[in-house]
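A short write-up of the structure that comes next.
Numbering (the working numbering), first residue to last: 159 to 369.
Pasting the structure below:
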């Protein structure tokens, strides 16, 4: 199964130390190294929207190259544990796309990790996300645009779902102490979000890996 990832220089360490070593045994990793447009690499800073626009363009390109096939798209602040491929194939049965859920108590998806069966309907959806991003000058990225469209249901011509959070886990809230995180025993994938800055992501990745 092809796994498409997108990152810039600020996130190279995450790719090399956590993402690639943990995913390489189960997936065919196809990486896109982007120019460092957002100099800080931090959420919503200058250049963030342009970076997210390039990421969605990469997804669209991947979907066009794999029509009818199942692929995974992922950020690189992610680490995999054994058996993720088989469970992803099970999760996508009967659906066109399955997103990681962003928290326990809200309906938001996390666009930083999803599995999909590539189709023209999904491509059209992502092209609409792209248009909305290009009309923004600052602020949040593609995740907000995807959530707005999914929850409005007006542009949905495909079946989507959430991945099971006990397997595909992220913190789900802005924590003050990393020791407040409760990691499910069934975890097979960890996405180090809900924190800002590479060093905080590394701290979270190491914490979960050691647990």
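Every residue, glycine too, gets a C-beta built ideally from N, C-alpha and C. Computed from a predicted structure; not experimentally measured.
Assigned secondary structure, residue i (DSSP; H/G/I helix, E/B strand, else coil)
i	result
residue 197	Here residue 197 scores only 47 on pLDDT, less than 50, and its place in the model is too uncertain to base an answer on.
residue 202	Bear in mind that the predicted position of residue 202 carries a pLDDT of just 47, short of 50, making it unreliable; the figure below should be weighed with that in mind. Note: residue 202 maps to coil in three-state DSSP.
residue 190	strand
residue 319	strand
residue 335	coil
residue 341	coil
residue 175	helix
residue 250	coil
residue 264	coil
residue 216	helix
residue 353	coil
residue 243	helix
Beta-carbon proximity check, residue i vs residue j, cutoff 8 Å
i	j	result
residue 255	residue 320	no
residue 316	residue 237	no
residue 262	residue 349	no
residue 313	residue 211	no
residue 243	residue 185	yes
residue 239	residue 171	no
residue 288	residue 215	yes
residue 275	residue 250	yes
residue 217	residue 284	yes
residue 271	residue 233	yes
Limits of the alpha helix (DSSP H) - the one that residue i falls within
i	result
residue 283	278-292
residue 358	356-368
residue 307	300-310
Endpoints, the beta strand (DSSP E) within which residue i is located
i	result
residue 181	Taken as a continuous stretch (DSSP letters only), residue 181 belongs to no beta strand (DSSP E), being part of the alpha helix (DSSP H) at 178-181.
residue 259	255-259
Residues that DSSP places opposite residue i in a beta bridge
i	result
residue 347	238, 326
residue 313	None, per the DSSP bridge assignment.
residue 271	232
residue 161	187, 230
residue 166	192
When the options are compared against residue i, the one with the closest alpha-carbon
i	options	result
residue 213	275, 183, 192	192
residue 318	242, 259, 347	259
residue 160	242, 228, 329, 264	228
residue 224	331, 273, 358, 338	273
residue 281	219, 209, 182	219
residue 302	247, 336, 265	265
residue 329	359, 167, 306	359
residue 323	174, 338, 309, 344	344
residue 327	355, 367, 357	367
residue 189	342, 336, 169	169
residue 166	331, 208, 248	208
residue 241	180, 187, 311, 253	180
residue 338	362, 356, 325	362
residue 299	342, 269, 335	269
residue 332	341, 325, 354, 342	354
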